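Student:
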Amino acid sequence: MVFSLTDILSISDFSREDIEFVLQEAATMEKMPESKKSGLLRGIVVASLFFEPSTRTRLSFETAIQSLGGEVIGFADAKVSSTKKGESLSDTIRIAGGYADVIVMRHWIEGAARRAAEVSSKPIINGGDGSNQHPTQTLLDLYTIKKQFGKIDGLNVGMLGDLKYGRTVHSLLYALADFKGVKVFLISPESLKMPQNILDDVEGKVEVRETEKVEEFLPQLDVLYATRIQKERFVDEFEYEQIKNVYILGKEILKHTKKGFKIMHPLPRVNELKPELDSTEAALYFEQARNGVPVRQALLNILKDVKKE
Ligand code: CP
3 MVFSLTDILS ISDFSREDIE FVLQEAATME KMPESKKSGL LRGIVVASLF FEPSTRTRLS
63 FETAIQSLGG EVIGFADAKV SSTKKGESLS DTIRIAGGYA DVIVMRHWIE GAARRAAEVS
123 SKPIINGGDG SNQHPTQTLL DLYTIKKQFG KIDGLNVGML GDLKYGRTVH SLLYALADFK
183 GVKVFLISPE SLKMPQNILD DVEGKVEVRE TEKVEEFLPQ LDVLYATRIQ KERFVDEFEY
243 EQIKNVYILG KEILKHTKKG FKIMHPLPRV NELKPELDST EAALYFEQAR NGVPVRQALL
303 NILKDVKKE
């Protein structure tokens, strides 16, 4: 398998074979003894540029880098970088590329990672760009699903919450459209529906149904992928306050779900999943977050030798 991508910008750039390749490499990473893994990134410097807050994405990338013997430089807050002095994204990326072999970045502007890739001589990994995409999250989501169910084809996947602003569900829907026989059930308030342009893009590739009521499709689901309402993306705070607790799921939902049903969530959660779910067999979200490490190890190991034109 030749992995042809030189940057990880959008899951839409991946073929099914590309996705399967990364999942296979992640499984290899997870099984590989520490002693064998620990030199894979020796001599490699990764810039970790987080212009927007993060816990999981940044820490799991940094864990992945260190566990493979690489070095990490960067910042976790744009306010401590020269962005604060007015430096452009393009200049920051060019400079970081002079110090590092790979750049991982998160930015609040949609398309920022693609813009960075245009000016960077080093591979760019998009750790989330505004409401647009979060491709490495999707790869770890798919890895988690495959590990749990042994397959992705044919599963019934619910996506709940803020489907308008949630970049994780945008990327996940595109990815699921590459698999066979997957049904996606979109559960959101009318004002936070999946954007029409994304629905148009996946039309004919994946069966999609929409509802506002979580109970409508619950008994059919293998996985419910819950998301928080993205407070930071709302222009009108009053609108957020009106809708923020639209879904609050507790143990009672498990009376209506099928055997083997799992709940996933990219995290952080706010109120949408009650802590009482955490100790149930349905809760897969903490394992999901842990899977970020082997998946990101695999991506870094694949990209470390990439030479961009
Ligand atoms: N899932 C995710 O992207 O979490 P962070 O925002 O904490 O990185």
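Using the working numbering, the first residue of the sequence shown is number 3, and each one after it goes up by one. The beta-carbon is built from N, C-alpha and C at its ideal position, and this holds for glycine as well. In this text, all values refer to a predicted model and were calculated from it rather than measured experimentally.
How about the region 87 to 97 and the region 25 to 44: do they share at least three Cβ pairs that are nearer than 8 Å?
Tutor: no
Student: Give every residue whose Cβ lies closer than 5 Å to any heavy atom of the ligand CP, listed in chain order.
Tutor: Ser56, Thr57, Arg58, Thr59 and Pro268
Student: Under 8 Å: do the region 95 to 107 and the region 40 to 54 share three or more Cβ pairs, one atom per stretch?
Tutor: In the pairwise beta carbon analysis, the region 95 to 107 is classified as touching the region 40 to 54: at least three pairs are separated by under 8 Å.
Student: Thr259 and Leu220 - do their beta-carbons sit closer together than 8 Å?
Tutor: yes
Student: Following the continuous beta strand (DSSP E) through Ile21, name the residue where it begins and the one where it ends.
Tutor: It is not in any beta strand (DSSP E) - Ile21 instead sits in the alpha helix (DSSP H) that spans Arg18 to Lys33.
Student: Taking all protein chains shown into account, do 16 or more other C-beta atoms lie within 10 angstroms of the C-beta of Glu27, making it buried, or fewer, making it exposed?
Tutor: buried
Student: Quick check for students: name the residue ranges of the beta strand (DSSP E) that lie wholly in the region 128 to 178, counting only runs of 3 or more.
Tutor: 158 to 162
Student: Taking 6 Å as the limit between beta carbons, can you name the residues of its chain near Ile126, skipping five residues before and five after?
Tutor: Asp9, Ile105, Ala115, Ala118 and Ala119
Student: Rounded to whole angstroms, what is the Cα-Cα separation between Ile75 and Ala98?
Tutor: Cα to Cα, Ile75 sits roughly 9 Å from Ala98.
Student: Going by DSSP, which residues form a beta bridge with Ser50?
Tutor: Note: Ser50 sits in a beta bridge opposite Gly76 and Val106.
Student: With distance defined between alpha-carbon atoms, name the residue in Glu278, Glu234, Lys264 and Leu223 nearest to Ile250.
Tutor: Glu278
Student: For a quick check, are the C-beta atoms of Tyr167 and Ser190 less than 8 Å apart?
Tutor: no
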